[in-house]
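S.K.: Going by my numbering, the residue at position 476 of the sequence shown is 490; the numbering climbs one at a time, nothing skipped. Backbone N, C-alpha and C fix where the C-beta goes; we use that ideal spot for every residue, glycine too. Small disclaimer: the values here were computed from a predicted structure and weren't measured.
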Amino acid sequence: GYILKPFSERELATTLQMAFYKQQAEQRERDLRQHSQAVLAHMSEGVVTLDPQGRVTSANPSAAAMFGYTTQAMLGLHIGQLLPMLAPEADAAAGLLRQHSAWQALTQTPHSEPEGLRQDGSSVPLSLTLSDLPQGVQLHTICIFKDLSAQRLAAAQLHSLAFTDALTGLPNRRGLMAHLHGALLHAAQSQHWGVLLFLDLDHFRQANEMLGPGCGDDLLRESGQRLLACVRAEDTVAHFGGDEFMVLLGTLSTDQATAATRAEAVADKVLHALSQPYSLCGHHYKSSASIGLVLFDGRSSDVDELLKTADAAMYQAKAAGRNAAHFYDPVVQAMVLARTSLEKDLERALEAHEFVLHYQLQVTAQGVPLGAEALVRWQHPQRGLVMPGEFIALAEATRLILPLGQWVLESACQQLTQWAQRMDTSHWVMAVNVSALQFAQADFVASVTNTLARSGANPQRLELELTESMLVEDLPAVLDKIARIRALGVRFSLDDFGTGYSSLAHLKRLGMNQLKIDQSFVRHIHSDPDDQVIAETIIHLGHNFGMQVIAEGVETEAQCQLLTHLGCDAFQGFLFAKPAAAESLLGR
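In structure tokens:
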């Protein structure tokens with residue numbers, strides 16, 4: 015049986031109640047612990063607790079993943095294995111973490127950003143927040159980590175978008191400016207000379223039109239890679255925009271002359287590299303560049319002025335014939351500024367209708383007019399009548415020759431229509447010069463056809479003058495255009511014959527109506543036997559191919575008589591008439 019011991023019901027109830035409360039408290043503690051563990055397990059931040067010696071006492075899954083460990087493997091690791099800056103120090107008192115020399119630096123800011131070390135040896139950028147965790151008489155530490163890898167990557171991508179050219183992968187204009195500011199500061203501090211090279215790819219626009227924009231982009235990318243191969247790792251190559259590149263060479267020498275010599279050597283290397291053939295969209299293409307160089311030593315921190323000077327030097331290189339490198343020259347710069355001013359005036363002149371046509375008669379040996387050559391003049395509001403020698407080359411370089419050439423053709427055809435209404439001029443032929451760029455346009459044949467139709471001019475009275483240099487490139491395309499325009503009834507004249515590159519085979523195939531003896535062979539035809547032989551040969555060639563031959567620049571009776579004796583058919587020059595406006599020409 016059981017021995018019943020006397021008890022107090024009140025005490026029993028209290029004991030049972032206390033046991034129940036204790037069980038509830040323990041359950042709440044277990045629930046709270048499980049809840050906390052669940053929260054920690056699902057946190058994106060890594061949470062690590064450390065004992066006073068810096069050993070890991072707990073770590074959530076995110077912390078383990080950040081450092082490349084399992085949660086279990088994290089336990090017992092020293093924080094210095096995760097944060098190298100907190101590696102144990104021999105002189106730290108009893109190995110206490112809070113005595114570590116780097117601890118104060120970490121605790122001075124609410125959110126520090128140390129580099130973490132993963133188990134595989136790679137680094138991970140972190141944000142770290144530290145908190146005290148009292149445990150009895152000991153003070154533990156809670157470390158909350160946030161992986162900044164994605165944030166750093168996004169920042170790097172944003173920086174790349176802002177400072178890197180998407181096409182070439184090189185620094186863009188903004189990126190170059192940042193490098194240039196740094197280079198000027200370093201040059202001033204180190205007393206070294208550096209140099210800025212401003213490069214412009216020659217004839218890039220024509221390449222873009224000929225090969226297509228995609229191939230033009232390939233040319234820019236390949237040019238950028240060639241530039242990188244020409245410089246040191248510490249130098250900067252930037253794509254400034256369009257067809258322009260910049261090369262920044264820092265700390266070349268403490269001696270200015272030595273720095274200039276080294277910069278010139280790099281420029282020569284660049285010119286050679288960029289002149290090598292390219293393979294673009296199945297085509298072989300040759301390019302070149304014009305380079306402007308300017309030295310700097312940091313005494314002036316004006317970046318904009320440095321860029322302007324380099325740009326001016328580049329234009330000096332272009333003016334010297336392209337495929338060249340030039341250091342900045344203030345004398346030449348004055349000429350460049352004048353050219354720039356003229357270019358602006360030229361653009362305005364087209365809009366303001368400041369161009370006029372003068373006509374120079376073409377006659378027989380007896381002075382009977384056969385027609386006239388249309389010659390463009392610029393009626394400048396300040397400079398007066400400007401001759402074509404001062405602006406045609408600029409118009410060609412800036413492509414303004416296209417609208418200007420079209421205006422000349424239209425105006426000449428309108429004048430030809432007026433001449434057709436007069437008995438004394440109805441038989442005249444109008445000679446019109448065509449630039450290489452104008453002739454190369456895909457719609458040139460259509461342009462001539464439409465101009466004739468609009469003006470009502472007789473195609474058989476229009477003569478287009480081409481130069482020999484236009485016939486060197488893509489002869490089949492040239493022959494096709496000539497044939498299609500000749501089919502309209504239009505005549506062709508080969509201007510300045512003997513100064514270019516025509517072969518007899520080309521001359522035969524071109525089917526020209528007229529050869530024009532250049533005035534350089536006429537000027538000294540009496541005193542230079544070679545000029546006389548050349549003129550005679552041209553006349554015989556022309557006649558043998560069924561062409562009329564005309565001599566330009568005839569200024570004396572003696573020149574006219576000798577050319578007539580040699581068999582020349584027609585003449586043009588001051589001996590017969592100076593270029594004049596149409597109304598003056600008819601009233602002579």
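Within the same chain, show all residues whose beta-carbon is closer than 8 Å to that of H297, passing over the 5 residues directly before and after it, in chain order.
M.R.: L225, C229
S.K.: Cutting at 8 Å between CB atoms, please list the residues of its own chain near T570, excluding the five before and the five after it.
M.R.: L589
S.K.: Give the single residue among T121, G135, V317, Q396 whose Cα lies nearest to the Cα of G82.
M.R.: G135
S.K.: If we count Cβ pairs, one from each stretch, closer than 8 Å, do we get three or more for the segment 149 to 158 versus the segment 206 to 214?
M.R.: no
S.K.: Using 8 Å as the threshold, is the C-beta distance between F506 and M484 below it?
M.R.: no
S.K.: Once the 5 residues before and after H394 are set aside, which same chain residues still bring their CB inside 6 Å of it?
M.R.: V400
S.K.: Out of D488, R498, P139, M99, which one is the CA nearest neighbour of L120?
M.R.: Considering only alpha carbons, the answer is M99.
S.K.: Where does T265 fall in DSSP's three states?
M.R.: strand
S.K.: Following the continuous beta strand (DSSP E) through W433, name the residue where it begins and the one where it ends.
M.R.: Run containing W433: none in the beta strand (DSSP E); it sits in the alpha helix (DSSP H), 415 to 433.
S.K.: Note the first and the last residue of the continuous alpha helix (DSSP H) segment covering N464.
M.R.: Here the alpha helix (DSSP H) through N464 covers 458 to 469.
S.K.: Pull up the distance between the alpha-carbon of Y515 and that of L489, whole angstroms please.
M.R.: A caution first: Y515 carries a pLDDT of 48, below 50, which makes its placement in the model too unreliable to give a value.
S.K.: When you compare each of A572, I305, I531, Q113 to M561 by their alpha carbons, which one comes out closest?
M.R.: I531
S.K.: So what's Y35 in DSSP terms, helix, strand or just coil?
M.R.: helix
S.K.: Should Q452 be labelled buried (16 or more other beta-carbon atoms within 10 Å of its own) or exposed?
M.R.: buried
S.K.: Quick one: give me the first and last residue of the alpha helix (DSSP H) that R235 is part of.
M.R.: 227 to 244
S.K.: To the nearest whole angstrom, what separates the beta carbons of Q376 and G385, a pair I think is in contact under 8 Å?
M.R.: Rounded, the Cβ-Cβ distance is 5 Å, consistent with contact.
S.K.: So, under 8 Å CB-CB, L199 and M260 are touching, yes? Tell me the CB distance rounded to an integer number of Å.
M.R.: In fact, because the Cβ distance is near 18 Å, the residues do not count as touching under 8 Å.
S.K.: Rounded to a whole number of angstroms, what is the C-alpha to C-alpha distance between E424 and A388?
M.R.: 11 Å
S.K.: Hey, how far is the Cα of R498 from the Cα of W433?
M.R.: Using only the alpha carbons, I get a separation of about 25 Å.
S.K.: Roughly how many angstroms separate the alpha carbons of Q533 and L181, rounded to a whole number?
M.R.: 49 Å
S.K.: In the DSSP assignment, what residue or residues form a beta bridge with I305?
M.R.: L213, A339
S.K.: Quick one: any contact between the segment 568 to 585 and the segment 540 to 550, if contact means 3 or more CB pairs under 8 Å?
M.R.: yes
S.K.: Does the separation of the CB atoms of E566 and G581 fall below 8 Å?
M.R.: Not closer than 8 Å, so no.
S.K.: Which residues does DSSP list as the beta-bridge partners of E387?
M.R.: Q374, A445
S.K.: At which residues does the beta strand (DSSP E) containing R188 begin and terminate?
M.R.: Counting along the chain, R188 falls outside any beta strand (DSSP E), though it belongs to the alpha helix (DSSP H) covering 187 to 204.
S.K.: Inspect the beta-carbon positions of T481 and D457 and report whether they are closer than 8 Å.
M.R.: Going by C-beta atoms, T481 is not nearer than 8 Å to D457.
S.K.: Report the rounded CA-to-CA distance for K126 versus L162, giving the unit in angstroms.
M.R.: A quick correction: the sequence has Ser, not Lys, at residue 126. Using only the alpha carbons, I get a separation of about 12 Å.
S.K.: Could you round the C-beta distance between N337 and D214 to whole angstroms and report it? I think they count as a contact, below 8 Å.
M.R.: Wrong, their Cβ atoms sit about 11 Å apart, outside the cutoff.
S.K.: Can you name the start and end residues of the alpha helix (DSSP H) that S137 belongs to?
M.R.: S137 -> not in any alpha helix (DSSP H); beta strand (DSSP E) instead, spanning 137 to 149.
S.K.: Whole angstroms are fine: how far does the CA of A331 sit from the CA of L418?
M.R.: 26 Å
S.K.: Does the distance from the CB of H340 to the CB of A327 come in under 8 Å?
M.R.: yes
S.K.: Check for me: the alpha helix (DSSP H) holding E248 runs from which residue to which?
M.R.: Per DSSP, E248 belongs to no alpha helix (DSSP H) and is neither H nor E.
S.K.: Between V251 and L242, what straight-line distance do the alpha-carbon atoms span, to the nearest angstrom?
M.R.: L242 has its alpha-carbon roughly 6 Å from the corresponding atom of V251.
S.K.: Figure out for me which residue from G470, I496, A471, A467 has the closest Cα to the Cα of E479.
M.R.: Out of G470, I496, A471, A467, I496 has the C-alpha closest to the C-alpha of E479.
S.K.: Nearest-angstrom Cα distance between R69 and P128?
M.R.: 18 Å
S.K.: What would DSSP say about M260, mapped onto helix, strand or coil?
M.R.: strand
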